[in-house]
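Undergrad:
Okay, here's the thing in structure tokens:
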């Protein structure tokens, strides 16, 4: 599944491509009000070789500049929590928790939603494809994904399509978005008792 590997983007021929620096500034200005955001998501991972696409759903929270919580509720139960340079992946069904180093948004494309202007322009090449649609490509050769395509509905993100380096894509739809303050401890994680813990950040 794409999110597991994530741990370890011309519309009808009329696409408008802006200068990279101006496009990044435009996208950063649209993201700037999103100091924190929470809501639900639905995601579909393309099936390779004619396989049936995998679908899942859950809830998420993020806070600028580098914290996010992504919880898959169905069909399986998984949790990603990032902050302070650390990324936790907790698989409830397998009773395992893995801790990894976490450097920047190029490591996890969901953090694009929380990136500030300098970080966005420095780490990504941005194209404006349409009034509410942006293509984002990491500058680093070892980034965790090949490109992302982000669309807005009014002032809030609506969809994101992430393509990994093997060409597999995941489509995410954001629902019931809320910019209310997040509860204390939203981005804290301590492995539950009895869980096998693996540390890959040494």
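Residue numbers (mature numbering (1 follows the signal peptide of the UniProt record, and there is no 0)): -20 to -1, 1 to 182. Don't be surprised by glycine CBs; every beta carbon is placed ideally from N, CA and C.
Could you pull out every unbroken beta strand (DSSP E) segment of at least 3 residues lying fully inside the region 5 to 66, listed in chain order?
TA: Runs of the beta strand (DSSP E) inside the region 5 to 66: 16 to 25, 34 to 43, 47 to 54, 58 to 63.
Undergrad: Three Cβ pairs or more, each shorter than 8 Å: is that satisfied between the region 148 to 159 and the region 53 to 60?
TA: Because the criterion of three Cβ pairs below 8 Å is not met, the region 148 to 159 and the region 53 to 60 do not touch.
Undergrad: Residue 111 by DSSP, collapsed to three states: which one?
TA: Three-state DSSP puts residue 111 in coil, outside helix and strand.
Undergrad: Which residues in the same chain as residue 16 place their Cβ atom closer than 6 Å to its Cβ, once the five residues preceding and following it in sequence are excluded?
TA: The residues are 43, 162.
Undergrad: Is it true that the region 104 to 121 meets the region 1 to 13, where meeting means three or more beta-carbon pairs spaced less than 8 Å apart?
TA: Verdict: yes, contact present.
Undergrad: What is the rounded straight-line gap between the Cα of residue 181 and the Cα of residue 81?
TA: Approximately 5 Å between the Cα atoms of the pair.
Undergrad: If you draw a straight line from the alpha carbon of residue 98 to that of residue 32, how long is it in whole angstroms?
TA: Approximately 40 Å, taken between the alpha carbons.
Undergrad: From residue 45 to residue 151, what distance separates their C-alpha atoms?
TA: Their Cα atoms are separated by approximately 23 Å.
Undergrad: Would you kindly work out how many angstroms separate the C-alpha atoms of residue 53 and residue 39, rounded to a whole number?
TA: For residue 53 and residue 39, the distance between alpha carbons rounds to 8 Å.
Undergrad: Can you give me the start and stop residues for the alpha helix (DSSP H) that residue 130 sits inside?
TA: Residue 130 -> not in any alpha helix (DSSP H); beta strand (DSSP E) instead, spanning 127 to 133.
Undergrad: With DSSP run on the structure shown, which of helix, strand or coil describes residue 118?
TA: Three-state result, residue 118: strand.
Undergrad: Would you kindly work out how many angstroms separate the C-alpha atoms of residue 171 and residue 111, rounded to a whole number?
TA: Approximately 43 Å between the Cα atoms of the pair.
Undergrad: For residue 72, which residues of its own chain have a beta-carbon under 6 Å away from its beta-carbon, when the five flanking residues on both sides are left out?
TA: Cβ neighbours of residue 72 beyond the five flanking positions: 57.
Undergrad: I need the boundaries of the beta strand (DSSP E) containing residue 156, first residue and last residue.
TA: Its beta strand (DSSP E) spans residues 149 to 158.
Undergrad: Spatial neighbours of residue 122 within its chain, please: C-beta separation below 7 Å, excluding the five flanking residues on both sides.
TA: Excluding sequence neighbours, residue 122 sits near nothing in its chain.
Undergrad: CB-CB under 7 Å to residue 164, same chain, minus the five flanking residues each way: which ones, in chain order?
TA: Correct list: empty, nothing qualifies.
Undergrad: Compare the beta carbon distance of residue 63 and residue 48 with 9 Å and say whether it is the shorter of the two.
TA: Contact flag set, yes.
Undergrad: From what residue to what residue does the beta strand (DSSP E) around residue 137 run?
TA: Where residue 137 is concerned, the enclosing beta strand (DSSP E) stretches over 136 to 143.
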